[in-house]
Amino acid sequence: MTNTLDRRTLLRVAGASTGTAVLAGAVLAATVPAHAAGGAFRHGVASGDPSPDGILLWTRLTPTDEALPGSGRGPDVAVSWQVATDPDFRAVAAQGVTSSGPGRDHTVKVEVTGLAPASTYWYRFGYAGTWSPVGRTMTAPPVDAAVDRLRLGAVSCANWEAGWFSAYRHLAARDDLHLVVHLGDYLYEYGTGQFDAGGTVVRPVQPPHETLTLADYRIRHALYKTDPDLQALHAAVPWVITRDDHEVANDQWSGGAENHSPDTEGDYATRLAAARQAYFEWMPVRAGTDGAIRRRLRFGQLAELSMLDLRSYRSRQTSGTAVDDPARTITGDPQMAWLKAGLAGSTARWKLVGNPVMMARLNLGALPAWLLGPLRELLGIPENGAALNPDQWDGYNADRNELVDHLRATGTRDVVFLTGDIHFSWANEVTTRSTALTGPAAAEFVVPSVTSDNVNDFLGLPPNNSLSALGVSLIRSTNPHVRWTELDGHGYGVLEVTPQHCRMDWYHVTERTSPTSGSAWVAGWSVATGSARLRQEYSPLL
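Going by mature numbering (1 follows the signal peptide of the UniProt record, and there is no 0), the letters in the sequence shown line up with residues -36 to -1, 1 to 506, in that order.
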């Protein structure tokens, strides 16, 4: 099959006087493997964190049969790499040699610089006369470039045992994406049968027990990287990734996790260090010298994307009125200061925030807590309403209030949170107690899980059942800022950013337990420049 660049996504960098830029985007068949890679490069290739002059490239080499992930075996080796302006590598733009070995589980990361902005490239790795699968990537436009359109895929919560990663396959098949944003829970730490598809293990994990050691986490990462749909999407476009809790353990906080028992599972700090080492070895993500992964990426004048880390610095989860304690934090003070300054000072039209857990309030009860007057404190109801899930921003009201109040005080507009974690689909207007009646300060689009269980799965019912419909009705009746939600679907989002609007379209797969599952558009919501009010869309993006 012959593939050509889609006319709508051809690169048009602005000249000195006229013109605008559209980020290049077309998936060529040669860049998307039909099956998982084999041989020396059996875990595929990936790219991430594009800048105007560079990109981060990743692969994992298996130089000998004994050099399996997590084994600590195999030789130190030299690995070559090439970046070209064409998929046949007739015009090589950059190349070099790097090394790897058992000390980094034979993973390879290359920081390539000196590339042209807003350009599409192809890349590959070489070892012992063989080449890896070819990946396709692209650099970001110059900071001051006018950009007509940015489209990205948004995903979260991919549980191996709960199904197949068809969502990744459908995203890889699109010809209009410029990058993928993964919002956390790239993998899960549980042992086999501990968290599956409503009680059914679709495909067992390795290692079969819960991940605790460095070898365990390396093996689990390696297993995920054998999935052909995951490999296809990594090879198709660059990814921008953050982590949530399951990359370490469920409901992780700065000093521990709900799913970690020191008496039986050892020192938490040792487990955390192992999980983070494996993560940075196996993921195409940049990290600061202290291991921090909060970072910003700029896409011309159109958008700036701030990626948050909401696990490393947060206070331990709590309940009741304790969620109002101003001493508690989900971001940590340095990250909050970084976020506020970055949003208020950004010169980009749209300020996007990669946000691992839901920002919008989710209240219980027939009335918002602040309408209950003095009964609120007597009843022990937090000021933003009783929290259904204190692991979200609902459990850290002071931080949410501080951020939203800052956006309003500084007149910062056009802020959109891109969120994962909760497994459902949501379109929210972000408010707090003091802003609920005066209008939202930002919009939030929440994507569903790729495969992880949601409401109907926990209930053992088919999608779109009467109980899920009742749940939607109750949520909407007590949370008017939740403009839309769907509790049963699995899939992905596609975000379009233009100078006029920011729009999310939700797509759900038809059957997560089928490796050939189709997908269907289910909803679209948008927010216009200068407004945080959401508007429903009635047909999918073209």
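Cβ atoms here follow ideal geometry from the backbone N, Cα and C, with glycine treated the same way.
Residue 446 is bridged by DSSP to 392. The C-beta of residue 164 has fewer than 16 other C-beta atoms within 10 Å across all chains shown, which makes the residue exposed.
Distance from the CA of residue 51 to the CA of residue 88, rounded to the nearest whole angstrom, comes to 10 Å. The beta carbons of residue 10 and residue 26 sit no closer together than 7 Å. By DSSP's assignment, residue 164 forms a beta bridge with 161. Residue 225 sits exposed, since fewer than 16 C-beta atoms from the chains shown fall within 10 Å of its C-beta. Shown here, residue 361 sits in a helix according to DSSP, grouped into three states.
Between residue 242 and residue 178 a beta carbon distance of about 6 Å is seen, short of the 8 Å cut, so the two are scored as contacting. Between residue 482 and residue 501, the gap from beta carbon to beta carbon reaches 7 Å or more. Three or more pairs of CB atoms, one per stretch, sit closer than 8 Å, so the segment 94 to 110 contacts the segment 196 to 205. By the neighbour-count criterion, in which 16 or more other beta carbons inside 10 Å mark a residue as buried, residue 409 falls on the buried side.
Inclusion of residue 169 and residue 156 in the CB contact set at 7 Å is warranted, their separation being smaller than that value. Using a Cβ distance threshold of 7 Å, residue 269 and residue 307 do not count as a contacting pair. Between residue 497 and residue 491, the alpha-carbon positions lie close to 6 Å from each other.
Of the candidates 392, 68, 230, 392 places its Cα closest to the Cα of residue 467.
Residue 33 places its beta carbon less than 7 Å from that of residue 182. Less than 7 Å divides the Cβ of residue 131 from the Cβ of residue 456. Here residue 318 is near residue 271, since their CB atoms are less than 7 Å apart. Between residue 313 and residue 493 a beta carbon distance of about 7 Å is seen, short of the 8 Å cut, so the two are scored as contacting. Exposed is the label assigned to residue 75, since fewer than 16 other Cβ atoms lie within 10 Å of its Cβ. Rounded to the nearest angstrom, the gap between the Cα atoms of residue 229 and residue 453 is 34 Å. Contact between residue 16 and residue 107 holds: their C-beta atoms lie close to 7 Å from each other, under 8 Å. Contact check for residue 250 against residue 40 fails: the beta carbons are separated by 7 Å or more. C-alpha of residue 288 to C-alpha of residue 362: approximately 6 Å in a straight line. Between the alpha carbons of residue 247 and residue 56 lies a distance of about 25 Å. Under the three-state reduction of DSSP output, residue 308 falls in the helix class. When the beta-carbon positions are compared, residue 153 and residue 213 come within less than 7 Å of each other.
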